[in-house]
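*Asks:* Residue 267 is where the sequence shown ends in the working numbering, and the numbering goes up by one at each step. Ideal placement from N, C-alpha and C gives every residue a C-beta, glycine not left out.
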Amino acid sequence: MDKQFGWWFFTCERQILVIPHGEHIPYGDLDDLPVPLLDTSKAERFAHYKGEACIRMELDEPLDLGMGEWVDLRNSMALLSPSLFDLVGKAQQFALFLKTHRFCGCCGESLQRVDWELAMQCEHCGFRAYPRISPSIIVLISDGKRLLLANHRRHQQKDWPIYTAIAGFVEAGETLEQTVHREVREETGVKIKNLRYWKSQPWAFPHSLMAAYFAEYDSGHLNIDRRELCDVQWFEPDKLPNLPPHGTIAREMIEHWLHQTGSSQH
Numbered sequence: 002m003d004k005q006f007g008w009w010f011f012t013c014e015r016q017i018l019v020i021p022h023g024e025h026i027p028y029g030d031l032d033d034l035p036v037p038l039l040d041t042s043k044a045e046r047f048a049h050y051k052g053e054a055c056i057r058m059e060l061d062e063p064l065d066l067g068m069g070e071w072v073d074l075r076n077s078m079a080l081l082s083p084s085l086f087d088l089v090g091k092a093q094q095f096a097l098f099l100k101t102h103r104f105c106g107c108c109g110e111s112l113q114r115v116d117w118e119l120a121m122q123c124e125h126c127g128f129r130a131y132p133r134i135s136p137s138i139i140v141l142i143s144d145g146k147r148l149l150l151a152n153h154r155r156h157q158q159k160d161w162p163i164y165t166a167i168a169g170f171v172e173a174g175e176t177l178e179q180t181v182h183r184e185v186r187e188e189t190g191v192k193i194k195n196l197r198y199w200k201s202q203p204w205a206f207p208h209s210l211m212a213a214y215f216a217e218y219d220s221g222h223l224n225i226d227r228r229e230l231c232d233v234q235w236f237e238p239d240k241l242p243n244l245p246p247h248g249t250i251a252r253e254m255i256e257h258w259l260h261q262t263g264s265s266q267h
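#1: Would you kindly work out how many angstroms separate the C-alpha atoms of residue 210 and residue 136, rounded to a whole number?
#2: Beta carbon of residue 115: closer than 7 Å to some heavy atom of the ligand ADP?
#3: With C-beta atoms as the reference, is residue 163 less than 8 Å away from residue 245?
#4: Which of the three DSSP states, helix, strand or coil, is assigned to residue 6?
#5: Identify every residue that forms a DSSP beta bridge with residue 150.
#6: Compare the C-alpha of residue 60 against each of 215, 208, 39 and 161 and name the closest.
#7: How far does the alpha helix (DSSP H) with residue 254 in it extend, from its first residue to its last?
#8: Have a look at residue 256 and residue 145 and give me their C-alpha separation to the nearest angstrom.
#9: In whole angstroms, give me the CA-to-CA distance for residue 1 and residue 205.
#10: In the DSSP assignment, find the unbroken beta strand (DSSP E) run with residue 186 in it and report its ends.
#11: Applying the 10 Å Cβ sphere with the 16-neighbour rule, what's the burial state of residue 173?
#12: Give every residue of the same chain whose Cβ lies closer than 8 Å to the Cβ of residue 83, excluding the five residues on either side of it in the sequence, and list them in chain order.
#13: Closer than 8 Å is the cut-off here; do at least three beta carbon pairs connect the region 211 to 231 with the region 146 to 154?
#14: Whole angstroms are fine: how far does the CA of residue 139 sit from the CA of residue 161?
#15: Drop a sphere of 10 angstroms on the beta-carbon of residue 124, count the other beta-carbons inside from all chains shown, and report buried for 16 or more, exposed for fewer.
#16: Over what stretch of residues does the beta strand (DSSP E) that includes residue 192 continue unbroken?
#17: Hey, residue 45 and residue 57 are a contact pair by Cβ (cut 8 Å); roughly how many whole angstroms apart?
#18: Is the region 114 to 122 touching the region 18 to 38, taking contact as three or more C-beta pairs under 8 Å?
#19: Helix, strand or coil for residue 89 per DSSP?
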């Protein structure tokens, strides 16, 4: 690299190096940072933040770089601003893409890095691969002053389980709206109405793009899909369970709904 000044995103698998001060991401010229001698041939600019370059560098192991500590991607969400957390996810998705696309899925030959965009090209058959993005939906369902929240198996905790909105991946041939209706019906057994798109969030677990919706209960009785969920319940605003952490779009949706309806905050 000809310029080594900017925000440094040191990653290793699902970990990111964070420092205890400022915005928690190392910033400056690499020569001025207290890091050991590193081979920067794999370092590359991948974005910009506050007018300066964001430089990612994937390490083979979480080395002691003389500053900060290595934290899991999910744990970094509590430390970083939403914009920086999205950039950390982007850096890790780039690293994952390069690691998992070394060979052509059509002919098996080695793939070569394209130098003008993030893609891998097969010189043998011409196949080109781009970073994988998996579209998914999340929907917060209300019925008057009640919210329908689910305890997913991945959020199961014996003492204080997390309850969140219904979510799922888009299947081939589906629109986002069709996915919402299908996931709600399959996982909870109820039907919804007045579906409203709200916003989206990149979600690097490992490479999702989550589209958020609000909806209202229409009909049906709760019939839980035990393969996906441990529990589904209606909750009053003043009796909400353990919610997803701040920084997740699920938490933001719940707090937005509480504010819009004038309900008490959890």
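*Replies:* In short:
#1: By 1-based counting over the sequence shown, the position of residue 210 is 209. By 1-based counting over the sequence shown, the position of residue 136 is 135. In a straight line, the C-alpha of residue 210 is about 5 Å away from that of residue 136.
#2: You won't find the ligand ADP in this model; it holds no ligand whatsoever.
#3: Stepping through the sequence shown from its first residue, residue 163 is reached at position 162. Stepping through the sequence shown from its first residue, residue 245 is reached at position 244. Cβ distance < 8 Å, so residue 163 and residue 245 count as in contact.
#4: In the sequence shown, residue 6 corresponds to position 5, counting from 1. Looking at residue 6 - three-state DSSP - the assignment turns out to be strand.
#5: The sequence position of residue 150 within the sequence shown is 149, counting from 1. Residue 150 is bridged to 234.
#6: In the sequence shown, the residue the question calls residue 60 occupies position 59. Nearest option by C-alpha distance: 39.
#7: Counted from its first residue, the sequence shown places residue 254 at position 253. Counting along the chain, the alpha helix (DSSP H) containing residue 254 begins and ends at 250 to 262.
#8: Locating residue 256 in the sequence shown gives position 255, where the first residue counts as 1. Locating residue 145 in the sequence shown gives position 144, where the first residue counts as 1. The alpha-carbon atoms of residue 256 and residue 145 are separated by roughly 16 Å.
#9: Any answer about residue 1 is impossible in this case: the structure gives the chain only from 2 up to 267.
#10: Here residue 186 refers to the residue found at position 185 of the sequence shown. First-last for residue 186: 177 to 189, but that is the alpha helix (DSSP H), not the beta strand (DSSP E).
#11: As a working note, residue 173 is residue 172 in the sequence shown. Exposed, because fewer than 16 other Cβ atoms sit within 10 Å of the Cβ of residue 173.
#12: The sequence position of residue 83 within the sequence shown is 82, counting from 1. So the qualifying residues of the chain are 248.
#13: yes
#14: Here the question's residue 161 lines up with position 160 in the sequence shown. Here the question's residue 139 lines up with position 138 in the sequence shown. Cα to Cα, residue 161 sits roughly 22 Å from residue 139.
#15: Here residue 124 corresponds to residue number 123 of the sequence shown, with the count starting at 1. By the 10 Å Cβ count, residue 124 comes out exposed.
#16: Locating residue 192 in the sequence shown gives position 191, where the first residue counts as 1. Per DSSP, residue 192 belongs to the beta strand (DSSP E) from 192 to 204.
#17: Here the question's residue 45 lines up with position 44 in the sequence shown. Here the question's residue 57 lines up with position 56 in the sequence shown. Between residue 57 and residue 45 the Cβ distance is about 6 Å, and since that is below 8 Å, they are a contact.
#18: no
#19: Position 88 of the sequence shown, counting from 1, holds the residue named residue 89. DSSP places residue 89 in helix when its eight states are reduced to three.
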